[in-house]
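Undergrad:
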Amino acid sequence: MTRRYWNINLEEMMEAGVHFGHGTRKWNLRMSPYISAKCKGIHILNLTRTARFLSEACDLVFDASSRGKQFLIVGTKNKAADSVARAAIRARCHYVNKKWLGGMLTNWSTTETRLHKFRDLRMEQKAGRLTHLPKRDAAVLKRQLSHLQTYLGGIKYMTGLPDIIIIVDQQEEYTALRECITLGIPTICLTDTNCDPDLADISIPANDDAIASIRLILTKLVFAICEGRSSYIRNP
Amino acid sequence: MATTTPPLSSSTSSSSSLATHLPRFSLFPNPTTLLSLYSSKPPFFSLSSSRSLQTHLSCTKKDDIDITFFDEVNPDEDITFSPPEKPEDFIPPRAIDEPPFESDEEIAQAYEELYGPAYSGETYLGKDIYVMDSKVKKTTGFGSKGKKEKIRDGFDENVVQVRRVTKVVKGGKHMRFRAVVVVGDKKGQVGVGVGKAKEVISAVQKAATDARRNIITVPMTKYLTFPHRNEADYGAARVMLRPAAPGTGVIAGGAVRTVLEMAGVENALGKQLGSNNALNNARATVLAVQTMKQFSEVARERGIPMEELWK
Numbered sequence: 001m002t003r004r005y006w007n008i009n010l011e012e013m014m015e016a017g018v019h020f021g022h023g024t025r026k027w028n029l030r031m032s033p034y035i036s037a038k039c040k041g042i043h044i045l046n047l048t049r050t051a052r053f054l055s056e057a058c059d060l061v062f063d064a065s066s067r068g069k070q071f072l073i074v075g076t077k078n079k080a081a082d083s084v085a086r087a088a089i090r091a092r093c094h095y096v097n098k099k100w101l102g103g104m105l106t107n108w109s110t111t112e113t114r115l116h117k118f119r120d121l122r123m124e125q126k127a128g129r130l131t132h133l134p135k136r137d138a139a140v141l142k143r144q145l146s147h148l149q150t151y152l153g154g155i156k157y158m159t160g161l162p163d164i165i166i167i168v169d170q171q172e173e174y175t176a177l178r179e180c181i182t183l184g185i186p187t188i189c190l191t192d193t194n195c196d197p198d199l200a201d202i203s204i205p206a207n208d209d210a211i212a213s214i215r216l217i218l219t220k221l222v223f224a225i226c227e228g229r230s231s232y233i234r235n236p
Numbered sequence: 237m238a239t240t241t242p243p244l245s246s247s248t249s250s251s252s253s254l255a256t257h258l259p260r261f262s263l264f265p266n267p268t269t270l271l272s273l274y275s276s277k278p279p280f281f282s283l284s285s286s287r288s289l290q291t292h293l294s295c296t297k298k299d300d301i302d303i304t305f306f307d308e309v310n311p312d313e314d315i316t317f318s319p320p321e322k323p324e325d326f327i328p329p330r331a332i333d334e335p336p337f338e339s340d341e342e343i344a345q346a347y348e349e350l351y352g353p354a355y356s357g358e359t360y361l362g363k364d365i366y367v368m369d370s371k372v373k374k375t376t377g378f379g380s381k382g383k384k385e386k387i388r389d390g391f392d393e394n395v396v397q398v399r400r401v402t403k404v405v406k407g408g409k410h411m412r413f414r415a416v417v418v419v420g421d422k423k424g425q426v427g428v429g430v431g432k433a434k435e436v437i438s439a440v441q442k443a444a445t446d447a448r449r450n451i452i453t454v455p456m457t458k459y460l461t462f463p464h465r466n467e468a469d470y471g472a473a474r475v476m477l478r479p480a481a482p483g484t485g486v487i488a489g490g491a492v493r494t495v496l497e498m499a500g501v502e503n504a505l506g507k508q509l510g511s512n513n514a515l516n517n518a519r520a521t522v523l524a525v526q527t528m529k530q531f532s533e534v535a536r537e538r539g540i541p542m543e544e545l546w547k
């Protein structure tokens with residue numbers, strides 16, 4: 001894997017507040033190698049290690065996208081939902097914005113049935129056949145369509161299981177992480193001081209509470225994906 | 237552990253003092269076997285001679301984990317972040333939240349170029365929208381002839397047991413069927429699965445899918461039998477398996493016989509020593525077979541030629 005320059009500088013990360021952890025009482029002991037200090041009841045992460053992990057993750061992601069692999073970004077915290085959607089759209093990846101439905105990956109055949117229904121409903125809406133139905137049926141179908149749009153809107157272009165999954169908050173998305181582990185899909189996870197770094201394949205110790213820190217890390221990863229994809233398009 | 241560290245050539249007096257310090261549930265009940273272990277271990281374990289007995293015992297169990305790549309890693313050294321040099325024409329990328337934002341159409345077009353129309357329901361490049369229909373297997377086909385994929389990927393299914401199980405609810409008894417299925421090609425791969433459904437056929441299908449998910453390989457010798465005796469338990473079921481000379485056939489009862497037949501084992505003896513529960517016995521045979529080792533593996537791990545093992 002070639003190491004490239006990803007414009008990671010520690011001052012930028014400090015400004016975004018990547019180094020803040022959670023309160024001292026809530027920490028997970030396995031994060032102790034990545035915690036550098038304790039200040040005012042909050043653990044402070046070691047930014048050099050974060051930067052190292054982030055650059056490794058970017059290298060991995062660049063390599064994978066230059067081979068044409070598919071990504072999925074999962075982030076359901078209401079703070080992070082917007083930036084996850086924007087990041088994924090910029091990188092042309094799939095994303096899960098709202099609640100991660102249990103069994104989305106392990107029960108992929110059922111999820112595919114739902115996606116079929118979503119597509120059929122959209123077709124009907126575009127063709128205008130909903131107006132011919134009685135008002136109540138039309139309202140029911142519209143409600144179903146909006147439901148499917150919120151939960152499955154980000155994965156409507158997904159044809160099979162993704163190759164790499166990026167998870168924003170490990171505690172929130174524990175079910176998603178568990179599914180990936182059972183299926184054997186490599187994961188990149190943003191771990192905070194109360195998370196377990198051994199569960200994911202590459203865990204980036206960072207702050208998952210501040211929007212700025214999530215935005216920063218997602219920007220770097222998305223940049224790597226874009227670069228890799230452009231090199232894939234140039235020579236497949 | 238506060239035991240005194242014995243030298244490699246331990247005398248009988250020190251071995252007896254060791255024996256008194258051993259915990260009651262030690263794996264080596266006979267102190268003389270300890271001596272033979274110390275004398276016959278390969279040079280790798282000489283490092284552990286100064287450690288306590290507990291860690292030494294745990295070392296010998298982790299045979300199949302390769303930890304040699306940790307030898308050069310020093311956990312206490314500081315990790316430095318030394319990125320490659322910044323190239324001169326590097327432009328920092330645009331942040332995600334900044335305008336200009338792309339319009340929905342452009343986004344949809346870009347996605348479609350990459351992934352095809354998939355489930356979006358619209359297409360800008362003129363591709364077929366219903367392209368995903370052909371890829372999904374129709375599992376519930378009302379008008380079709382039923383399941384066409386009976387013989388998929390070379391595995392045979394054998395139903396060991398179908399039972400009717402009940403859940404009592406307010407309205408009465410809610411009946412379902414539970415099927416235990418053993419799946420195998422007759423060449424050394426078996427799997428056991430359970431499935432429950434309201435109808436027998438769907439229960440059998442679910443069980444077969446489950447069985448295909450956990451398949452193990454049976455270590456077999458040239459004469460289609462086991463390398464050595466083994467026992468295993470699962471729940472209250474305890475199964476003893478024993479190799480046999482060619483021409484014996486499979487002499488075992490019920491679930492054990494089905495598992496061994498599906499694996500392709502021709503000559504073996506098996507006995508259900510504990511309960512007679514079919515599912516637990518099937519799982520116990522799978523466990524017993526998993527923990528068996530081939531002679532070549534053992535010889536390789538211990539670093540001695542195979543002829544030594546046959547003595």
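Protein chains in written order, with our numbering: chain A, 1 to 236; chain B, 237 to 547. All residues carry an ideal CB built from backbone N, CA and C; glycine is no exception. Small disclaimer: the values here were computed from a predicted structure and weren't measured.
1) Can you look up GLU172 of chain A in the DSSP assignment and give me helix, strand or coil?
2) What residues in its chain sit with their C-beta under 6 Å from that of ALA200 of chain A, if we drop five residues either side in the sequence?
3) Excluding sequence positions up to five away, which residues of its chain have a Cβ less than 6 Å from the Cβ of MET13 of chain A?
4) Can PHE427 of chain B and ILE452 of chain B be called in contact, C-beta distance under 8 Å?
5) Closer than 7 Å, Cβ to Cβ, to anything on chain A: give me those residues from the stretch 447–475 of chain B, in chain order.
6) Thinking C-beta only, is ARG178 of chain A closer than 8 Å to SER65 of chain A?
7) Please decide whether LYS156 of chain A counts as near chain B, where near means a Cβ-Cβ distance under 8 Å.
8) Please classify CYS195 of chain A as buried or exposed, where buried requires at least 16 other C-beta atoms within 10 Å of its C-beta.
9) For TYR459 of chain B, which residues from the same chain have a beta carbon less than 7 Å from its beta carbon, with the 5 sequence-adjacent residues on both sides left out?
10) Any idea if SER213 of chain A is buried or exposed, counting beta-carbon neighbours within 10 angstroms, 16 or more meaning buried?
11) In terms of residues, what are the limits of the alpha helix (DSSP H) holding ALA152 of chain A?
12) Tell me, please, whether the CB atom of PHE326 of chain B is closer than 8 Å to any CB atom in chain A?
13) Going residue by residue through the stretch 314–361 of chain B, where are the continuous alpha helix (DSSP H) segments of at least 4 residues, counting only ones entirely within it?
14) For LEU190 of chain A, go through chain B and note every residue whose CB falls closer than 9 Å to its CB, in chain order.
15) Compare the beta carbon distance of VAL419 of chain B and ALA518 of chain B with 8 Å and say whether it is the shorter of the two.
16) Can you give the Cα-Cα distance for PRO329 of chain B and ALA88 of chain A, rounded to whole angstroms?
17) Among the residues of its own chain, which have a CB less than 7 Å from the CB of MET411 of chain B, if the five just before and after it don't count?
18) Out of B:MET528, B:PRO463 and B:GLU324, which has the shortest C-alpha to C-alpha gap to TRP546 of chain B?
19) What's the gap between the Cα of ALA138 of chain A and the Cα of LEU145 of chain A?
20) With the cut-off set at 8 Å, would you say VAL454 of chain B and GLY424 of chain B are in Cβ contact?
21) By the criterion of Cβ-Cβ separation under 7 Å, what are the contact partners of LEU199 of chain A in chain B?
22) Output, in chain order, the set of chain A residues within a Cβ distance shorter than 7 Å of THR402 of chain B.
23) Using a Cβ-Cβ cutoff of less than 7 Å, which residues in the same chain neighbour LYS156 of chain A once the five nearest sequence positions on both sides are dropped?
24) Determine the direct distance from the alpha carbon of ASN97 of chain A to that of ILE211 of chain A, and round the result to whole angstroms.
25) Considering Cα atoms alone, identify which of A:GLY102, A:LEU161 and A:LEU133 is closest to LYS69 of chain A.
26) Under a three-way DSSP split, which group does ARG519 of chain B fall into?
27) Would you kindly check if the distance between the Cβ of VAL416 of chain B and the Cβ of LEU515 of chain B is under 8 Å?
28) Counting only Cβ pairs nearer than 8 Å, list the residues of chain A close to ILE487 of chain B.
29) Quick check: does the Cβ of PHE391 of chain B come within less than 7 Å of any heavy atom belonging to the ligand ADP?
30) What separation, rounded to the nearest whole angstrom, lies between the Cα atoms of THR159 of chain A and ALA472 of chain B?
31) Is the beta carbon of ASP192 of chain A closer than 8 Å to that of HIS22 of chain A?
32) In the DSSP assignment, the beta strand (DSSP E) including TYR95 of chain A goes from what residue to what residue?
33) By Cβ distance below 7 Å, which residues in the same chain neighbour SER32 of chain A in space, the five residues on each side in sequence not counted?
34) So that I know if they touch, is there some Cβ in chain B lying closer than 8 Å to that of PHE223 of chain A?
35) By Cβ distance below 8 Å, which residues in the same chain neighbour ASP209 of chain A in space, the five residues on each side in sequence not counted?
36) Who are the near neighbours of LEU130 of chain A in its chain, counting only those whose CB is closer than 8 Å to its CB and skipping five residues on each side?
TA: Inspection of the coordinates gives the following:
1) Residue mapping note: residue 172 of chain A aligns to position 172 of the first sequence, counting from 1. Per DSSP, reduced to three states, the secondary structure at GLU172 of chain A is coil, with no helix or strand assignment.
2) Residue numbering aside, residue 200 of chain A sits at position 200 when the first sequence is read from its first letter. For ALA200 of chain A, where only same-chain residues beyond five positions count, the Cβ hits under 6 Å are THR187 and CYS189.
3) Taking the first sequence and counting its residues from 1, the one referred to as residue 13 of chain A is at position 13. Correct list, in chain order: LEU47.
4) What you label residue 427 of chain B is simply residue 191 of the second sequence in a count that begins at 1. What you label residue 452 of chain B is simply residue 216 of the second sequence in a count that begins at 1. It should be pointed out that residue 427 of chain B corresponds to Gly in this sequence rather than to Phe. Cβ distance < 8 Å, so GLY427 of chain B and ILE452 of chain B count as in contact.
5) Against chain A - using a Cβ distance shorter than 7 Å - the stretch 447–475 of chain B contributes no residues.
6) For the purposes of this step, residue 65 of chain A is taken as the residue at position 65 of the first sequence. For the purposes of this step, residue 178 of chain A is taken as the residue at position 178 of the first sequence. In this structure, SER65 of chain A sits away from ARG178 of chain A, with a CB-CB distance that is not shorter than 8 Å.
7) In the first sequence, residue 156 of chain A corresponds to position 156, counting from 1. Yes, its Cβ sits closer than 8 Å to a Cβ of chain B.
8) Reading the first sequence from its first residue, position 195 is the one you call residue 195 of chain A. Answer is buried; the Cβ neighbour count reaches 16.
9) Along the second sequence, read from residue 1 onward, the residue named residue 459 of chain B stands at position 223. Once the five neighbours on either side are set aside, the close Cβ partners of TYR459 of chain B are PRO482 and ASN503.
10) Within the first sequence, residue 213 of chain A is the residue found at index 213, counting from 1. With at least 16 other beta carbons inside 10 angstroms of its own, SER213 of chain A counts as buried.
11) As a position in the first sequence, residue 152 of chain A is number 152, starting the count at 1. Residue identity differs from the one stated: residue 152 of chain A is Leu in this sequence, not Ala. Per DSSP, LEU152 of chain A belongs to the alpha helix (DSSP H) from 135–152.
12) Counting from 1 along the second sequence, the entry for residue 326 of chain B is found at position 90. For PHE326 of chain B, the answer is yes, since a Cβ of chain A falls inside 8 Å of its Cβ.
13) You should have 340–351.
14) The sequence position of residue 190 of chain A within the first sequence is 190, counting from 1. Listed along chain B is no residue with a C-beta nearer than 9 Å to that of LEU190 of chain A; the closest approach is about 15 Å.
15) On the second sequence, position 183 is the one that residue 419 of chain B refers to. On the second sequence, position 282 is the one that residue 518 of chain B refers to. In this structure, ALA518 of chain B does not lie closer than 8 Å to VAL419 of chain B by Cβ.
16) By 1-based counting over the second sequence, the position of residue 329 of chain B is 93. By 1-based counting over the first sequence, the position of residue 88 of chain A is 88. PRO329 of chain B and ALA88 of chain A have their alpha carbons spaced roughly 15 Å apart.
17) Residue numbering aside, residue 411 of chain B sits at position 175 when the second sequence is read from its first letter. Answer for MET411 of chain B: ARG400 and THR402, listed in chain order.
18) The residue given as residue 546 of chain B occupies position 310 in the second sequence. Answer by Cα proximity: B:PRO463.
19) In the first sequence, counting from the first residue as 1, residue 138 of chain A sits at position 138. In the first sequence, counting from the first residue as 1, residue 145 of chain A sits at position 145. Approximately 10 Å, taken between the alpha carbons.
20) Position 218 of the second sequence holds residue 454 of chain B. Position 188 of the second sequence holds residue 424 of chain B. Yes, these two residues count as a Cβ contact at 8 Å.
21) In the first sequence, counting from the first residue as 1, residue 199 of chain A sits at position 199. Result: empty, since nearest Cβ-Cβ is about 19 Å, beyond 7 Å.
22) The sequence position of residue 402 of chain B within the second sequence is 166, counting from 1. Within chain A, no residue has its beta carbon less than 7 Å from that of THR402 of chain B; the closest one is some 27 Å off.
23) Numbered from 1 along the first sequence, position 156 holds the residue referred to as residue 156 of chain A. Apart from the 5 residues on each side of it in sequence, LYS156 of chain A sits with its Cβ closer than 7 Å to the Cβ of LEU115 and PHE118 in its chain, given in chain order.
24) Against the first sequence, residue 211 of chain A aligns to sequence position 211. Against the first sequence, residue 97 of chain A aligns to sequence position 97. The alpha-carbon atoms of ILE211 of chain A and ASN97 of chain A are separated by roughly 15 Å.
25) For the purposes of this step, residue 69 of chain A is taken as the residue at position 69 of the first sequence. For LYS69 of chain A, the nearest C-alpha among the options comes from A:LEU161.
26) As a first step, residue 519 of chain B is located in the second sequence; it is residue number 283 there, counting from the start. The three-state secondary structure of ARG519 of chain B, taken from DSSP, is helix.
27) Here residue 515 of chain B corresponds to residue number 279 of the second sequence, with the count starting at 1. Here residue 416 of chain B corresponds to residue number 180 of the second sequence, with the count starting at 1. Going by C-beta atoms, LEU515 of chain B is nearer than 8 Å to VAL416 of chain B.
28) Within the second sequence, numbered from 1, the residue matching residue 487 of chain B stands at position 251. Within chain A, no residue comes near ILE487 of chain B; the closest Cβ sits about 38 Å away, beyond 8 Å.
29) The model depicted lacks the ligand ADP and carries no ligand whatsoever.
30) Within the first sequence, the letter at position 159 stands for residue 159 of chain A. Within the second sequence, the letter at position 236 stands for residue 472 of chain B. Looking at the two C-alpha atoms, the distance is approximately 45 Å.
31) By one-based count along the first sequence, residue 22 of chain A stands at place 22. By one-based count along the first sequence, residue 192 of chain A stands at place 192. Contact: yes.
32) Counted from its first residue, the first sequence places residue 95 of chain A at position 95. TYR95 of chain A -> beta strand (DSSP E) spans 94–96.
33) Here residue 32 of chain A refers to the residue found at position 32 of the first sequence. Once the five neighbours on either side are set aside, SER32 of chain A has no close Cβ partner at all.
34) The residue labelled residue 223 of chain A in the question sits at position 223 within the first sequence. It does: the Cβ of PHE223 of chain A has a partner Cβ on chain B nearer than 8 Å.
35) Taking the first residue of the first sequence as 1, we reach residue 209 of chain A at position 209. Cβ within range, chain order: PHE20, HIS22, LYS79 and ASP192.
36) As a working note, residue 130 of chain A is residue 130 in the first sequence. Excluding residues within five positions, the ones whose Cβ falls inside 8 Å are GLU124, ALA138, LEU141 and LYS142.
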